[in-house]
Amino acid sequence: MKLAVHENQNVEFKKSWRDEYLKWICAFANTAGGILYVGVDDDGAICGLSDSHKLTEDIPNKIKNTMGLVCNVQLLSEDDKEYFKIEVEKYPFPVSYHGKYYKRSGTTLQELTGVELDKMILFVQGRTWDSVPVPNIAVGELENDAFRLFRKKASDSGRLDKESLEVTNETLVKNLHLTEGDYLNRAAILAFHPDPENWITGAYIKIAYFENEADILYQDEVHGPLLLQVEKTMELVYSKYMKALISYDDIYRKETFFFPRAAFRELLLNAVVHKDYLSTTPVQIRIYKDKIRLWNDGALPKEVPVESLFKEHISKPRNPNLANIFFKCGMIESWGRGFEKIAAYCKEENAKIPEIDLSLGGITVRCFASEKHQKLMNEYKEDFNGENDPVNDPVKSVLEILKQRKNLTYSEIAKQVGKSESTVKRYISKLKKDGFIEREGSDKSGYWIILK
Numbered sequence: 003m004k005l006a007v008h009e010n011q012n013v014e015f016k017k018s019w020r021d022e023y024l025k026w027i028c029a030f031a032n033t034a035g036g037i038l039y040v041g042v043d044d045d046g047a048i049c050g051l052s053d054s055h056k057l058t059e060d061i062p063n064k065i066k067n068t069m070g071l072v073c074n075v076q077l078l079s080e081d082d083k084e085y086f087k088i089e090v091e092k093y094p095f096p097v098s099y100h101g102k103y104y105k106r107s108g109t110t111l112q113e114l115t116g117v118e119l120d121k122m123i124l125f126v127q128g129r130t131w132d133s134v135p136v137p138n139i140a141v142g143e144l145e146n147d148a149f150r151l152f153r154k155k156a157s158d159s160g161r162l163d164k165e166s167l168e169v170t171n172e173t174l175v176k177n178l179h180l181t182e183g184d185y186l187n188r189a190a191i192l193a194f195h196p197d198p199e200n201w202i203t204g205a206y207i208k209i210a211y212f213e214n215e216a217d218i219l220y221q222d223e224v225h226g227p228l229l230l231q232v233e234k235t236m237e238l239v240y241s242k243y244m245k246a247l248i249s250y251d252d253i254y255r256k257e258t259f260f261f262p263r264a265a266f267r268e269l270l271l272n273a274v275v276h277k278d279y280l281s282t283t284p285v286q287i288r289i290y291k292d293k294i295r296l297w298n299d300g301a302l303p304k305e306v307p308v309e310s311l312f313k314e315h316i317s318k319p320r321n322p323n324l325a326n327i328f329f330k331c332g333m334i335e336s337w338g339r340g341f342e343k344i345a346a347y348c349k350e351e352n353a354k355i356p357e358i359d360l361s362l363g364g365i366t367v368r369c370f371a372s373e374k375h376q377k378l379m380n381e382y383k384e385d386f387n388g389e390n391d392p393v394n395d396p397v398k399s400v401l402e403i404l405k406q407r408k409n410l411t412y413s414e415i416a417k418q419v420g421k422s423e424s425t426v427k428r429y430i431s432k433l434k435k436d437g438f439i440e441r442e443g444s445d446k447s448g449y450w451i452i453l454k
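Take 3 as the starting number for the sequence shown in this note's numbering and just add one per residue.
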């Protein structure tokens with residue numbers, strides 16, 4: 003006769019009893035609980051046991067003596083064949099067998115060490131990584147600029163009222179549930195401490211500009227409280243790493259970046275909140291001329307359908323205490339709306355919705371240039387006869403400077419663009435030749451007229 007169940011995450015079959023099967027009971031207790039059948043083959047057929055009456059006493063005693071667990075051990079019989087059904091509950095504390103810890107992963111047994119052991123211990127305790135207290139850090143050691151930014155963002159967004167914000171930092175931290183007894187938790191350290199890396203290695207952001215997949219032209223690292231890291235990173239990316247294409251609507255100047263700023267901000271916030279801070283690798287941003295690759299060392303549930311991966315990633319923060327800080331100050335929306343906001347921002351700019359990729363380890367989000375950006379790029383190429391890159395073209399930068407201040411001398415322009423006077427004169431000559439500018443008056447007292 004066969005049992006009506008099959009082996010799975012919570013069910014295991016064994017033909018006979020061996021003491022090493024206590025590891026499986028340990029794993030069930032550390033995961034989600036389960037049932038171990040003894041006297042049943044791999045196909046679920048009952049094969050029976052010859053020493054069942056002796057095992058009736060031995061199995062419960064060995065479970066209790068080696069792991070301190072009490073399990074429901076039943077001796078059952080079908081067609082004169084006896085077998086055991088051992089029911090194991092999920093325990094609220096880490097369970098070890100001979101000093102080692104085990105868990106179930108699908109239908110397999112895994113011994114846990116290092117980072118995985120830390121994760122399991124937190125899981126069975128019902129805690130998240132960012133809720134763990136950190137000793138020997140006082141609120142007075144936290145960064146005042148981070149608190150100022152939090153209060154401003156919270157006030158501007160209306161998430162917290164004036165009364166809630168006009169309290170001491172100590173009270174604010176307690177109201178945000180960032181303490182346990184006299185200790186601050188890891189979320190408080192990450193969000194507000196001037197140097198969270200003293201306790202949490204890899205708690206920073208790395209940015210690099212790539213000419214191609216192999217060659218880095220320049221790079222930066224952003225350190226400090228995560229609240230300030232996000233602001234500094236946004237400023238760097240959209241001032242140094244992504245040059246705006248300039249267009250004009252009548253007399254009004256417009257800047258167009260190749261990926262919507264608001265959408266990228268949502269993605270960056272998501273990476274910071276969702277990162278696995280047990281990993282020592284920082285959030286990494288690779289920027290190219292027309293694409294971005296944003297990576298963080300996180301993970302997604304394997305059972306989530308591919309079409310739902312991106313939404314799942316946005317919606318379920320790995321570090322809920324840290325996420326709550328960003329939510330309370332209005333920097334992120336409620337967990338379910340992140341994906342919809344990013345999609346809406348991309349739609350506004352005719353940009354592609356970012357793609358999510360799990361093939362590189364961790365979570366990679368790829369962003370691509372919008373159609374509007376490509377169109378403007380083509381227009382600029384026509385303006386300059388296709389000879390220059392409009393994003394980095396120094397001739398174009400001289401024209402932009404002259405639009406702002408029409409009475410600059412050659413030497414003043416040279417200082418602004420970081421070139422020699424002779425080089426600037428060549429740029430000016432080209433702009434004159436192409437009909438963009440002309441000079442009115444002398445070199446010393448005259449001014450530039452912008453023709454187009």
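Note that beta-carbon positions come from the ideal geometry of N, C-alpha and C, so glycine has one too.
Which class does residue i belong to by DSSP, given the choice of helix, strand or coil?
{"i": "ARG368", "result": "strand"}
{"i": "ASN10", "result": "strand"}
{"i": "ALA457", "result": "Because the chain here runs from 3 to 454, residue 457 falls outside it and cannot be looked at."}
{"i": "SER98", "result": "strand"}
{"i": "PHE152", "result": "helix"}
{"i": "LYS291", "result": "coil"}
{"i": "THR181", "result": "strand"}
{"i": "ASN298", "result": "strand"}
{"i": "SER79", "result": "strand"}
{"i": "LYS354", "result": "coil"}
{"i": "GLU342", "result": "helix"}
{"i": "ASP385", "result": "At ASP385 the pLDDT is 46, less than 50, meaning the model places this residue with poor confidence and gives no usable figure here."}
{"i": "ASP445", "result": "coil"}
{"i": "PRO284", "result": "coil"}
{"i": "TYR476", "result": "The shown model of the chain, from 3 to 454, leaves out residue 476, and the question about it has no answer."}
{"i": "GLN221", "result": "strand"}
{"i": "PRO2", "result": "This structure gives no information on residue 2, because the portion of the chain shown stretches from 3 to 454."}
{"i": "ARG20", "result": "coil"}
{"i": "TYR206", "result": "coil"}
{"i": "LYS405", "result": "helix"}
{"i": "LEU71", "result": "coil"}
{"i": "LYS4", "result": "strand"}
{"i": "PHE30", "result": "helix"}
{"i": "LEU144", "result": "coil"}
Should residue i go down as buried or exposed, given a rule of 16 or more other Cβ atoms within 10 Å for buried?
{"i": "VAL235", "result": "With the sequence shown as reference, residue 235 is identified as Thr, and Val is not the correct amino acid for it. When all chains shown are included, THR235 counts as buried."}
{"i": "ASN394", "result": "Legend: pLDDT at ASN394 = 44, less than 50; position of this residue unreliable, value from coordinates given subsequently. Classification for ASN394: exposed."}
{"i": "MET244", "result": "buried"}
{"i": "SER54", "result": "buried"}
{"i": "HIS100", "result": "exposed"}
{"i": "LYS446", "result": "exposed"}
{"i": "PRO227", "result": "buried"}
{"i": "PRO392", "result": "Because PRO392 carries a pLDDT of 38, less than 50, the predicted location of this residue cannot be relied on, and the following value inherits that uncertainty. Flag for PRO392 reads buried."}
{"i": "GLU213", "result": "exposed"}
{"i": "GLN406", "result": "exposed"}
Pick from the options: whose alpha carbon is nearest that of residue i?
{"i": "SER79", "options": "THR109, ALA47, LYS92", "result": "ALA47"}
{"i": "GLN418", "options": "ILE439, ASP436, LEU433, PRO396", "result": "PRO396"}
{"i": "ILE37", "options": "LYS421, LEU186, LYS155, PHE15", "result": "PHE15"}
{"i": "PHE261", "options": "TRP26, SER372, ILE209", "result": "SER372"}
{"i": "PHE438", "options": "GLU414, LYS427, LYS446, TRP450", "result": "TRP450"}
{"i": "TRP19", "options": "ALA34, LYS4, PHE86, VAL13", "result": "PHE86"}
{"i": "ILE88", "options": "THR110, ALA193, VAL42, ALA346", "result": "VAL42"}
{"i": "PRO94", "options": "GLU84, CYS28, LEU111", "result": "CYS28"}
{"i": "TYR240", "options": "ASP217, ALA210, ILE218", "result": "ALA210"}
{"i": "GLU442", "options": "TYR429, ASN409, ALA416", "result": "ASN409"}
{"i": "PRO198", "options": "PRO284, LYS454, ASP292, GLY420", "result": "PRO284"}
{"i": "LYS66", "options": "ARG295, VAL90, ASP45", "result": "VAL90"}
{"i": "THR58", "options": "GLU84, GLY204, THR68", "result": "GLU84"}
{"i": "TRP201", "options": "ALA273, LEU404, ILE139", "result": "ILE139"}
Quick one: give me the first and last residue of the beta strand (DSSP E) that residue i is part of.
{"i": "THR110", "result": "110-114"}
{"i": "VAL275", "result": "First-last for VAL275: 263-276, but that is the alpha helix (DSSP H), not the beta strand (DSSP E)."}
{"i": "TYR429", "result": "Segment 423-435 is the alpha helix (DSSP H) holding TYR429; no beta strand (DSSP E) there."}
{"i": "GLY38", "result": "The residue you asked about is not Gly; residue 38 is Leu in the sequence shown. 36-40 is the extent of the beta strand (DSSP E) around LEU38."}
Starting from residue i and walking both ways along the alpha helix (DSSP H), at which residues does that stretch end?
{"i": "MET236", "result": "228-238"}
{"i": "ASP44", "result": "Per DSSP, ASP44 belongs to no alpha helix (DSSP H) and is neither H nor E."}
{"i": "ILE415", "result": "412-419"}
Exercise. Do the segment 211-223 and the segment 166-177 meet, that is, are 3 or more Cβ pairs less than 8 Å apart?
Worked result: no
Exercise. Any contact of the segment 173-186 with the segment 344-355, i.e. 3+ C-beta pairs under 8 Å?
Worked result: no
Exercise. Is the segment 179-192 touching the segment 352-366, taking contact as three or more C-beta pairs under 8 Å?
Worked result: When Cβ pairs closer than 8 Å are counted between the two stretches, the segment 179-192 is seen not to touch the segment 352-366, the count staying below three.
Exercise. Just checking, does the segment 153-162 make contact with the segment 328-336 on the three C-beta pairs under 8 Å criterion?
Worked result: Contact holds: three or more Cβ-Cβ distances are below 8 Å.
Exercise. Is the segment 69-85 close to the segment 142-157, with three or more CB pairs under 8 Å?
Worked result: no
Exercise. Hey, is the segment 117-128 in contact with the segment 93-108, meaning 3+ C-beta pairs nearer than 8 Å?
Worked result: yes
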